[in-house]
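One structure is given below, encoded as structure tokens.
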Amino acid sequence: MTSDSDLTRPWLSLRRLFLIIVTALVGVVLVQSLLSSWNEPQVASQLQLYQTDLLLEGSAWKGEGLPEGQWPKIRAGLLGDEPVATAQKQYEEVRAGATESMARWAGDGSQSADSLADEANAGKPLARRLQNAVTQQEMLVHKLDLRLGLMEAYQGQPEAAIARWTQVRDDTRASAPAMRTADTLIRLWQDSASPENEAWLQDSLDGWFEYRALDQLYQIQGREGDRTRIQTQEQDTAQAKLLKLALVGTVPALGGIVGIGLMIWLVAQRVLRGSQS
0 MTSDSDLTRP WLSLRRLFLI IVTALVGVVL VQSLLSSWNE PQVASQLQLY QTDLLLEGSA
60 WKGEGLPEGQ WPKIRAGLLG DEPVATAQKQ YEEVRAGATE SMARWAGDGS QSADSLADEA
120 NAGKPLARRL QNAVTQQEML VHKLDLRLGL MEAYQGQPEA AIARWTQVRD DTRASAPAMR
180 TADTLIRLWQ DSASPENEAW LQDSLDGWFE YRALDQLYQI QGREGDRTRI QTQEQDTAQA
240 KLLKLALVGT VPALGGIVGI GLMIWLVAQR VLRGSQS
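The sequence shown begins at 0 in numbering that gives the first Met the number 0 and counts up one residue at a time.
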């Protein structure tokens with residue numbers, strides 16, 4: 000009996016070691032899947048908003064150099080009747096997806112955000128990575144809110160814009176740059192600005208959003224020369240972005256046509272080879 004027991008002990012030890020390894024591997028896979036579920040929406044959001052930003056920047060072009068009456072038709076075909084409202088809707092969808100992801104994580108997890116942050120500060124690797132993912136999502140939402148507010152202000156809804164920016168400014172989870180940008184925008188649309196606002200807006204915003212903020216700044220400061228300068232600059236930029244938008248929309252369609260043609264050619268080659276054999 001003693002000899003049989005001694006023989007089975009190594010087998011039990013190996014089995015226990017195997018189970019530990021398998022459990023660890025499963026845990027790694029689950030962690031990677033969880034982290035991927037956070038990273039994938041970020042990438043998808045950036046890709047979705049890239050084309051939306053092209054739409055916004057292209058919408059500023061006034062069709063200079065085109066025959067009169069031709070630009071409205073081209074504009075409607077490329078940008079739609081209300082490009083800013085369309086862009087706002089797409090931004091809202093991305094924002095809703097980001098907040099939904101955070102809510103789903105909070106509901107599935109057994110820890111609160113505060114306890115997760117405490118563990119991350121304590122140096123636990125998994126908690127640190129998850130906390131970084133949460134922070135990135137929160138930063139994305141704040142960035143979207145800053146831009147959504149500018150779209151609302153442009154469409155004649157300054158009260159809604161100021162309310163949105165106020166939420167960012169007063170959110171303790173927002174980064175210091177986001178808070179400062181929100182506060183600067185609030186004061187701009189309350190007809191109050193300071194000299195350092197210009198450099199900050201140029202650093203913290205870009206594209207269509209930067210032009211809107213600078214235009215408001217120059218307007219309330221009475222700097223009509225600077226307004227004319229950036230409006231001319233925006234026209235040049237908008238024309239280039241409009242061309243890029245047309246290419247972004249056309250290339251996938253051309254790729255699909257070429258792909259279908261290639262598939263037909265390959266099938267035809269297989270049929271011909273079969274008939275020859």
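Glycine is no exception: its CB is placed at the ideal position from the N, C-alpha and C atoms.
Separation of residue j from residue i, as counted between CA atoms
i: L47; j: P194; result: One point to set straight first is that residue 47 is Gln, not Leu, in the sequence displayed. So the alpha carbons of these two residues sit roughly 35 angstroms apart.
i: W37; j: V133; result: In this prediction, W37 scores a pLDDT of 47, lower than 50, which makes its location untrustworthy; the coordinate-derived value is nonetheless stated afterwards. Their Cα atoms are separated by approximately 8 angstroms.
i: I229; j: Q136; result: 32 angstroms
i: T231; j: E56; result: 13 angstroms
i: Q234; j: L213; result: 15 angstroms
i: A175; j: R74; result: 39 angstroms
i: Y217; j: S191; result: 11 angstroms
i: V167; j: L65; result: 42 angstroms
i: Y279; j: S203; result: For residue 279 there is no data in the structure shown, the boundaries of the chain being 0 and 276.
i: D169; j: G79; result: 36 angstroms
i: L54; j: A102; result: 30 angstroms
i: A159; j: A181; result: 13 angstroms
i: E223; j: A95; result: 38 angstroms
i: Q215; j: L246; result: 31 angstroms
i: W70; j: W207; result: 20 angstroms
i: G155; j: E81; result: 14 angstroms
i: Q220; j: A198; result: 15 angstroms
i: N131; j: M138; result: 10 angstroms
i: G76; j: G68; result: 14 angstroms
i: S100; j: N196; result: 34 angstroms
i: I161; j: K72; result: 34 angstroms
i: Q45; j: D225; result: 31 angstroms
i: A173; j: Y49; result: 23 angstroms
i: D205; j: P157; result: 20 angstroms
Three-state secondary structure assigned by DSSP to residue i
i: R211; result: helix
i: D225; result: helix
i: K61; result: coil
i: E67; result: coil
i: T231; result: helix
i: P82; result: helix
i: Q189; result: coil
i: S109; result: The predicted position of S109 is uncertain, since its pLDDT is 46 and thus under 50; a value taken from the coordinates is nonetheless stated next. Here S109 sits in coil by DSSP.
i: L33; result: Legend: pLDDT at L33 = 46, less than 50; position of this residue unreliable, value from coordinates given subsequently. It is helical.
i: L204; result: coil
i: A282; result: Nothing about residue 282 can be read from this structure; the chain reaches only from 0 to 276.
i: G148; result: helix
i: E92; result: helix
i: P157; result: helix
i: E195; result: coil
Nearest-angstrom beta carbon gap, residue j and residue i [assumed within contact, 8 angstroms]
i: A237; j: W188; result: In fact, because the Cβ distance is near 23 angstroms, the residues do not count as touching under 8 angstroms.
i: V83; j: M178; result: Between M178 and V83 the Cβ distance is about 26 angstroms, and since that is not below 8 angstroms, they are no contact.
i: T183; j: L200; result: 7 angstroms
i: T165; j: I185; result: 6 angstroms
i: T51; j: A86; result: 5 angstroms
i: R163; j: G148; result: 4 angstroms
| Stretch-stretch touch, CB-based, cutoff 8 angstroms, three pairs: the stretch 86-96 with the stretch 139-147 | yes
| How about the stretch 238-245 and the stretch 60-78: do they share at least three Cβ pairs that are nearer than 8 angstroms? | yes
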